[in-house]
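**Student:** Residue 277 in the working numbering sits at position 213 of the sequence shown, and the numbers go up by one each step.
What follows is a structure written as C-alpha cells; I'll ask about it next.
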Amino acid sequence: KGQSATIDGLPAGKASLTVDALDSKNNIVGTASKADIDVVAGQTSKVTLSIKLNPTIAAPTKGGLAVDVTLIDGEVIPAPTPTPGPTATPTPAPTPTPTPAPTATPAPAGGFSDGFESGLGSWDVAFAKASYSSAGTASSNWNAAGSAAKTGTFGATAGDGSGSVKEPGTYTLTLKNSVSTGAMTTPKLDFDFAKFTKQYYFKSGSLKAEASTDNGATWTQVWAASADQAGWARASADLPHSGQVKVRFAFTYDYYLGVDSFGAPTLDNVAVADAK
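Laid out in C-alpha cells, this is it:
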C-alpha cells in the first residue's frame with residue numbers, strides 16, 4: 065500500500081503500464097492493473113494503479129510482494145516542435161525626406177521712390193553758373209518745401225521762399241545711388257512736376273531728366289519739358305535696361321541781362337520702377 069515508482073527515459077508518445085502482484089515464487093496473487101499514459105517530452109506524467117489481492121490463492125501471502133511493472137510501448141509520437149512565436153518584423157526607420165536646399169529668392173527688381181517727405185537726403189544738389197554770368201554761386205538751390213508738394217507735406221524746388229531763382233545757370237538734383245534696373249522688363253522714371261515756365265520775355269527756362277549708366281560719368285537726356293506747365297502733370301520716361309542707372313533733374317535758367325528773379329519748377333513723387 066502506498067508504493068510508488070519512477071520510470072525515466074521513456075520516449076514521447078503513448079504507452080501502456082501494467083502492474084502484477086507476485087509472491088516470492090512468482091505466483092500471481094493479485095489481479096493485474098493496467099493504465100494508458102501519454103508520455104510528453106520534458107514533463108512528468110503521474111498515474112495511480114490499484115491491485116486487488118486474491119486471498120483464495122493457495123500460495124501464502126505473508127511476507128513481501130514483488131511488483132512487476134511492465135511498460136508496453138505504443139506508437140512513438142515525437143515531441144512537438146515548439147511553435148516559434150511570431151517574429152517581430154522590425155519597423156524600418158523612416159527614410160528621412162531630404163529637405164530641398166532653399167531656392168535662392170531672386171533679388172527683387174530694383175526700384176526707387178521719393179516724395180521728399182524726409183527732405184533731400186537721397187539727393188545731391190549742385191549749381192553751375194552760366195558762362196556769361198558774373199554770379200559764381202546761387203542764392204538758392206534744390207530744397208524740400210511745403211509750397212512744392214503735390215501730395216504729402218513736401219516737394220522739391222530750386223526756388224527760394226518765393227519760389228524763384230535769381231542767378232542764371234543750371235541747378236541739378238542728382239540721385240546719390242544708382243538704381244538696379246537689370247531685372248526690370250521696362251524700367252521707367254515717373255514724377256510729378258509743376259510751375260514750369262519756358263519763356264518770359266528775355267528770360268527762359270528748361271527742365272530735363274537725364275540718366276547715367278556709368279555712375280554719373282556721362283549723362284543722356286531721357287525727358288524734357290516742352291511747354292509751360294502751371295499745374296501738376298505726371299511725366300514718364302524710359303530708362304536704360306543696363307543694370308545700374310542714376311537719374312538727375314536739371315533746371316537751367318538763362319538771362320543775358322544779369323541777375324533777376326525767375327520762377328523755378330517743382331517736383332514730387334519721383335519713382336524708378338518697372339512699367340511692365
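Glycine included, each C-beta is placed from N, C-alpha and C at the ideal position.
On the three-state DSSP scale, how would you describe Ser211?
**Tutor:** Sequence index remark: in the sequence shown, residue 211 carries index 147 (1-based). Helix at Ser211.
**Student:** Can you give, in chain order, each stretch of the beta strand (DSSP E) that sits fully within the stretch 224-311 and has at least 3 residues?
**Tutor:** Within the stretch 224-311, the complete beta strand (DSSP E) runs of at least 3 residues are 233-239, 251-258, 267-276, 284-288 and 297-302.
**Student:** Please tell me whether Phe315 and Val243 are closer than 9 angstroms, where the distance is taken between their beta carbons.
**Tutor:** Within the sequence shown, residue 315 is the residue found at index 251, counting from 1. Within the sequence shown, residue 243 is the residue found at index 179, counting from 1. No, the Cβ-Cβ distance between Phe315 and Val243 is not below 9 angstroms.
**Student:** State buried or exposed for Thr238, treating a residue as buried only when at least 16 other CB atoms are found within 10 Å of its CB.
**Tutor:** Reading the sequence shown from its first residue, position 174 is the one you call residue 238. Under this definition Thr238 is a buried residue.
**Student:** Out of curiosity, what's the CA-to-CA distance linking Ala291 and Ser276?
**Tutor:** Start at 1 with the first residue of the sequence shown, and residue 291 comes out as number 227. Start at 1 with the first residue of the sequence shown, and residue 276 comes out as number 212. Answer to the nearest angstrom: the Cα atoms are 25 angstroms apart.
**Student:** Going by DSSP in three states, Ala76 sits in which element: helix, strand or coil?
**Tutor:** By 1-based counting over the sequence shown, the position of residue 76 is 12. Looking at Ala76 - three-state DSSP - the assignment turns out to be coil, as it is neither helix nor strand.
**Student:** From which residue to which residue does the beta strand (DSSP E) around Ala190 run?
**Tutor:** As a first step, residue 190 must be located in the sequence shown, where it is residue number 126. Ala190 -> beta strand (DSSP E) spans Trp187 to Lys193.
**Student:** In terms of alpha-carbon separation, which member of Gln107, Ala79, Thr108 and Lys252 lies closest to Ala99?
**Tutor:** Your numbering for residue 99 matches position 35 in the sequence shown. Measuring from the Cα of Ala99, the nearest candidate turns out to be Ala79.
**Student:** Taking the alpha-carbon positions, what's the Thr245 to Pro304 distance?
**Tutor:** One-based indexing of the sequence shown puts residue 245 at position 181. One-based indexing of the sequence shown puts residue 304 at position 240. When rounded, the distance between both Cα atoms is 8 angstroms.
**Student:** To the nearest angstrom, report how far apart Ala328 and Ala192 are at their CA atoms.
**Tutor:** On the sequence shown, position 264 is the one that residue 328 refers to. On the sequence shown, position 128 is the one that residue 192 refers to. In a straight line, the C-alpha of Ala328 is about 16 angstroms away from that of Ala192.
**Student:** Measuring CB to CB, does Phe255 end up less than 9 angstroms from Gln293?
**Tutor:** Within the sequence shown, residue 255 is the residue found at index 191, counting from 1. Within the sequence shown, residue 293 is the residue found at index 229, counting from 1. No, the pair does not count as a contact, with Cβ atoms beyond the cut-off.
**Student:** Here's the rule I'm using: 16 or more other beta-carbon atoms within 10 Å means buried, otherwise exposed. How should Leu321 be labelled?
**Tutor:** For the purposes of this step, residue 321 is identified with residue 257 of the sequence shown, where counting begins at 1. So Leu321 ends up on the exposed side.
**Student:** Give a yes or no on whether the C-beta atoms belonging to Pro232 and Ala194 are separated by under 9 angstroms.
**Tutor:** Along the sequence shown, read from residue 1 onward, the residue named residue 232 stands at position 168. Along the sequence shown, read from residue 1 onward, the residue named residue 194 stands at position 130. Result yes, Cβ atoms of Pro232 and Ala194 sit closer than 9 angstroms.
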